[in-house]
Amino acid sequence: MKSIEDKFKEFADEVKHLCNHISVRKDENGPYIFALGLKETHTLQLRKVKNSYVVELWYGKYAEVESVVEEPSYSDSKSAFNKAKEWLEHDA
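Numbering (the working numbering), first residue to last: 5 to 96.
And the structure:
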């Protein structure tokens, strides 16, 4: 069985063509994906929180005007990855 970090790395590789930047990072809460769309207007963070995959969707070109638009959560990684890909495609 693949680790969460491995799943995140595979997804990052699959959507890197939709991103100006994408990376798998770690903090005190574990691994997460940070991605900027090609136009840097659609940004996201995706992480596993307990038994859910949470996608924090940000919109805005600069930190001063950027805001969280939605924070959906899913019970499976595939649904979360689909939502993340859909969000990044807005900048393609």
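All C-beta atoms in this analysis are idealised placements derived from N, C-alpha and C, irrespective of residue type, glycine included. If you're wondering where the values come from, they're calculated on a predicted model, not measured in any experiment.
Restricting attention to GLU74, SER83 and THR47, the CA atom closest to the CA of HIS25 is found in THR47. The DSSP-derived three-state label of LEU92 is helix. The secondary-structure analysis by DSSP pairs PRO35 across a beta bridge with LYS30. Taking C-beta atoms as the reference points, ALA96 and LEU22 count as a pair closer than 7 Å.
Distance from the CA atom of LEU40 to the CA atom of LEU92, rounded to whole angstroms, is 8 Å.
The alpha-carbon of GLU68 is positioned some 23 Å away from that of PRO76. By the C-beta density criterion, ARG51 is buried, having at least 16 other C-beta atoms within 10 angstroms.
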